[in-house]
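Residue numbers (the working numbering), protein chains in the order written: chain A, 233 to 347; chain B, 331 to 436.
To keep things clear, I will list the structure first and then write my remarks on it.
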Amino acid sequence: DTAVSQTPKYLVTQMGNDKSIKCEQNLGHDTMYWYKQDSKKFLKIMFSYNNKELIINETVPNRFSPKSPDKAHLNLHINSLELGDSAVYFCASSQATGRGLETQYFGPGTRLLVL
Amino acid sequence: KQEVTQIPAALSVPEGENLVLNCSFTDSAIYNLQWFRQDPGKGLTSLLLIQSSQREQTSGRLNASLDKSSGRSTLYIAASQPGDSATYLCAARTSFGAGTTVTVRA
């Protein structure tokens, strides 16, 4: 009964390929996030969706396109992969309360290696 | 834009010693502050969340304080154990610090 799950856990691919990472949460939360953790372990927000609507869209190359088919899912599609895309991608979810009680729950991460 | 800093980057202590981890943020209009633990090759586990209106939160051996006026939060871990060895990250909502990697020596 994993709360936030991601598939795949590992992804090794060639430069120029297109790939997708899937995220699902069974916590009933209405907000989901994608973060990128680089080789220096620094975690940066990429996108956030609330009730399937994009609410955070940081400066990310437009090769990255998030899609939220419903509140429980947030997928990340990456076109024309580059070497610099190699990182660990984390999905997270939280429940908006408007009172600062939004504890974020993280998935196990997807380790992407672009060769 | 909110920037979060954690110093030191690494810390090594003998078992039983109390741990003090520091987190500073630039924008005092903070919504909440959350402390996480990350084990090598794993995801993040939430430890404590402090709302903007709160000064501290406690859970077991963990205590986190928040001082918005000085832009600081501190995580205290009492009587450290080898199992506490991990990287600890603080986050002002979605802005994360780089983490403090803690090693507790048996």
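Even for Gly, the Cβ is constructed at its ideal location relative to N, Cα and C.
One or two residues paired with residue i in a DSSP bridge
i, result
"Leu347/A", "BP columns for Leu347/A are empty, so no partner."
"Tyr267/A", "Ile277/A, Phe322/A"
"Glu256/A", "Ser237/A, His305/A"
"Ala340/B", "Thr431/B"
"Ile310/A", "Lys251/A, Phe296/A"
"Asn352/B", "Ile337/B, Thr404/B"
"Asp335/A", "Inspection of the sequence shows that residue 335/A is occupied by Thr rather than by Asp. BP columns for Thr335/A are empty, so no partner."
"Thr342/A", "Tyr321/A"
Chain-ordered neighbours of residue i on chain A, where CB pairs are closer than 8 Å
i, result
"Leu419/B", "Leu275"
"Ala422/B", "Neighbours of Ala422/B on chain A: none; closest Cβ ~11 Å, over 8 Å."
Residue i, enclosing beta strand (DSSP E) - first and last residue
i, result
"Ile337/B", "334 to 337"
"Arg435/B", "430 to 435"
"Glu285/A", "285 to 289"
"Thr367/B", "According to the sequence as given, residue 367/B is Arg; it is not Thr. First-last of the beta strand (DSSP E) with Arg367/B: 362 to 368."
"Leu243/A", "242 to 245"
Within chain C, partners of residue i - CB distance below 9 Å
i, result
"Gly413/B", "This model lacks chain C altogether, as its protein chains are A and B."
Per-residue contacts from residue i into chain A (C-beta, under 9 Å)
i, result
"Gly429/B", "Lys273, Phe274, Leu275"
Under 8 Å by beta carbon: chain B residues contacting residue i
i, result
"Tyr242/A", "Correct list: empty, because the minimum Cβ distance to chain B is about 11 Å."
"Phe279/A", "The premise fails here: Phe279/A is roughly 10 Å from chain B at the closest Cβ pair, so nothing lies under 8 Å."
"Gly339/A", "Gly373"
Cross-chain neighbours of residue i in chain B, by beta carbon under 7 Å
i, result
"Thr335/A", "Gln364, Ser376, Leu379"
Would you list, in chain order, the members of the stretch 336 to 364 of chain B that have their beta-carbon closer than 8 Å to a beta-carbon of chain A? With the criterion set as a beta carbon lying under 8 Å from some beta carbon of chain A, the members of the stretch 336 to 364 of chain B are Tyr361, Asn362, Gln364, in sequence order.
What are the start and end residues of each continuous beta strand (DSSP E) run of 3 or more residues lying completely inside the stretch 374 to 425 of chain B, in chain order? Runs of the beta strand (DSSP E) lying entirely within the stretch 374 to 425 of chain B, each at least 3 residues long, are 374 to 381, 386 to 389, 392 to 397, 402 to 407, 416 to 422 in chain order.
Check each residue of the stretch 372 to 390 of chain B: if its Cβ is closer than 8 Å to any Cβ of chain A, include it; give the result in chain order. The residues in question are Lys372, Gly373, Leu374, Thr375, Ser376, Leu379, Gln381, Ser382, Ser383.
Contact list for the stretch 282 to 295 of chain A against chain B, Cβ threshold 8 Å: From the stretch 282 to 295 of chain A, only Ile288 have a Cβ closer than 8 Å to chain B.
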